[in-house]
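Peer 1: So the sequence shown is residues 1236 to 1417, counted in the working numbering.
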Amino acid sequence: MKFFWSIPSIRAGASASCSSIVPRTAPFQTCQWQSTLPKRIQCSAFSTSPILQKRKKGDKKDIRITLIRYFLLHPKTPRVLRLSRLRGLRHWTIHRAWQLHKAKLRKQQELDLERQYNEMRKACEELRLIGSNGLPGGKDEGKLFRTAMMKQNVWQGVPIEYARIQTQWPSKDGWNHGWTRG
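Rendered as structure tokens:
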């Protein structure tokens, strides 16, 4: 990346009004290209005058495009925290406690689902072993189980609105081309 003090015309020597922008790290040396410099020296590095545009080989970049490129190409994850030892230890302790709490909740939900599944399996086994009269055995053993496992008319009676997820956007009507600001 070029800085404004690396531009040859500013390095060669500037007027008294812009001497503060030239770094004073080393004395300037005269070069052979000093005679080819324009007589008018641009002081401000952010100007869009023809001299600077000629030097930069084109117009200034649009800041909006630069920002869009920046946010499209950079990751969404934040940078790593840089903490002191004690603060890092506190952060790690709180983070670990939160992770343990979430793991405990996940385990509890998993056990609850497993319990529900086992109860449903037992109920289905009972339905499979009894007949239509509710007693074990008989010629129509398992009829209640087969009836319970049929998936006919499952969605009958459900309103059509539930077929589409209820959101505010995109609208059902599409774009309103006739809209004008009131």
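All C-beta atoms, glycine included, are put in the ideal place defined by N, C-alpha and C. Predicted, not measured: the structure shown is a model, and the values here were computed from it.
In angstroms with no decimal places, state the Cα-to-Cα distance between Phe1306 and Cys1359.
Peer 2: The residue given as residue 1306 occupies position 71 in the sequence shown. The residue given as residue 1359 occupies position 124 in the sequence shown. Distance between the alpha carbons of Phe1306 and Cys1359 is about 55 Å.
Peer 1: What did DSSP end up calling Ile1329 once you bin it into helix, strand or coil?
Peer 2: The sequence position of residue 1329 within the sequence shown is 94, counting from 1. If DSSP states are grouped into helix, strand and coil, Ile1329 belongs with the helices.
Peer 1: Would Glu1376 pass as a contact of Gly1369 if the rule is Cβ separation under 8 Å?
Peer 2: For the purposes of this step, residue 1376 is taken as residue 141 along the sequence shown, with counting starting at 1. For the purposes of this step, residue 1369 is taken as residue 134 along the sequence shown, with counting starting at 1. Not in contact: Glu1376 and Gly1369 (Cβ atoms no closer than 8 Å).
Peer 1: How big is the Cα-Cα spacing for Pro1405 and Tyr1397?
Peer 2: Residue 1405 sits at position 170 when you count from the first residue of the sequence shown. Residue 1397 sits at position 162 when you count from the first residue of the sequence shown. When rounded, the distance between both Cα atoms is 16 Å.
Peer 1: I'd like the ranges of any alpha helix (DSSP H) spanning at least 4 consecutive residues and lying wholly in the region 1350-1384.
Peer 2: Taking only runs of at least 4 residues, the alpha helix (DSSP H) segments lying wholly in the region 1350-1384 are 1378-1384.
Peer 1: Quick one: give me the first and last residue of the alpha helix (DSSP H) that Ile1300 is part of.
Peer 2: One-based indexing of the sequence shown puts residue 1300 at position 65. 1298-1308 is the extent of the alpha helix (DSSP H) around Ile1300.
Peer 1: Can you tell me which of Gln1391, Ile1400, Leu1362 puts its alpha carbon nearest to the alpha carbon of Thr1382?
Peer 2: The residue labelled residue 1382 in the question sits at position 147 within the sequence shown. Of the candidates Gln1391, Ile1400, Leu1362, the one whose C-alpha sits nearest the C-alpha of Thr1382 is Leu1362.
Peer 1: Report yes if the CB atom of Leu1316 is closer than 8 Å to the CB atom of His1326, and no otherwise.
Peer 2: The residue given as residue 1316 occupies position 81 in the sequence shown. The residue given as residue 1326 occupies position 91 in the sequence shown. In this structure, His1326 lies closer than 8 Å to Leu1316 by Cβ.
Peer 1: Given Asp1297, which residues of its chain have a CB within under 6 Å of its CB, disregarding the five upstream and five downstream residues?
Peer 2: Against the sequence shown, residue 1297 aligns to sequence position 62. Closer than 6 Å at Cβ, skipping near neighbours: no residue.
Peer 1: Taking 7 Å as the cut-off, is the C-beta of Pro1405 nearer than that to any heavy atom in the ligand PLP?
Peer 2: Absence of the ligand PLP is noted for the structure shown, with no ligands found whatsoever.
Peer 1: Excluding the five sequence neighbours on either side, which residues of its own chain have a C-beta within less than 8 Å of the C-beta of Thr1260, listed in chain order?
Peer 2: Within the sequence shown, residue 1260 is the residue found at index 25, counting from 1. Caution applies to Thr1260, whose pLDDT of 48 falls short of 50 and renders its modelled position unreliable; the value that the coordinates give is listed next. Excluding sequence neighbours, Thr1260 sits near nothing in its chain.
Peer 1: Less than 6 Å between C-beta atoms, sequence neighbours within five positions excluded: which residues of the same chain meet that for Lys1378?
Peer 2: Sequence index remark: in the sequence shown, residue 1378 carries index 143 (1-based). Excluding residues within five positions, the ones whose Cβ falls inside 6 Å are Ser1367.
Peer 1: My output table needs one value for Lys1311: the three-state DSSP class, helix, strand or coil.
Peer 2: The residue you call residue 1311 lines up with position 76 of the sequence shown. Lys1311 falls in the coil class under three-state DSSP.
Peer 1: For Trp1333 and Leu1340, I'd like the C-alpha separation in whole angstroms.
Peer 2: Stepping through the sequence shown from its first residue, residue 1333 is reached at position 98. Stepping through the sequence shown from its first residue, residue 1340 is reached at position 105. Each residue's alpha carbon lies about 11 Å from the other.
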